[in-house]
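This report concerns only the one structure given below.
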Amino acid sequence: GKATYLLGVAYEAIQDPSLWDIDRIYFEICVRENPKSEIAKKCYARYSQKVYLGYTGSAGTNVPEEELKKLGELRKLVE
């Protein structure tokens, strides 16, 4: 779990547009493979932050229903 978390953090730091979703993918894998763990909570927090920041702009925050559904699913895995 920690390795997956660190991979997500590393790709998040790169900020390469061609790799923009890889960090979220690693954070999601981390949560799914390590449910109810402290590392899953850290991964979920990063994932959630990336989603909300990605869908926030001058018009406010508009997260698509599909993303909100996934966030809810992942949140249940960390609780």
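One point on numbering: in my numbering, the residue at position 60 of the sequence shown is 163, and numbering is uninterrupted.
The C-beta atom is built at its ideal place from N, Cα and C for all residues, glycine as well.
The model shown is predicted, which means the values in this text are computed figures rather than measured ones.
CB of residue i within 9 angstroms of CB of residue j, strictly
{"i": "Leu174", "j": "Val154", "result": "yes"}
{"i": "Asp126", "j": "Val112", "result": "yes"}
{"i": "Leu171", "j": "Tyr147", "result": "no"}
{"i": "Ser140", "j": "Gly163", "result": "no"}
Residue i versus residue j - alpha carbon distance
{"i": "Asp119", "j": "Tyr129", "result": "15 angstroms"}
{"i": "Tyr108", "j": "Glu168", "result": "25 angstroms"}
{"i": "Thr159", "j": "Gln152", "result": "11 angstroms"}
{"i": "Cys133", "j": "Tyr150", "result": "10 angstroms"}
{"i": "Leu110", "j": "Lys145", "result": "13 angstroms"}
When the options are compared against residue i, the one with the closest alpha-carbon
{"i": "Glu176", "options": "Thr159, Glu131, Gly163, Gly157", "result": "Glu131"}
{"i": "Arg178", "options": "Ala116, Leu156, Pro138, Glu115", "result": "Pro138"}
Buried versus exposed, by CB contacts within 10 Å (16 or more), residue i
{"i": "Asn165", "result": "exposed"}
{"i": "Ala143", "result": "buried"}
Q: Within the segment 123-161, note down every full alpha helix (DSSP H) run reaching 4 residues or more, in order along the chain.
A: 125-136, 141-157
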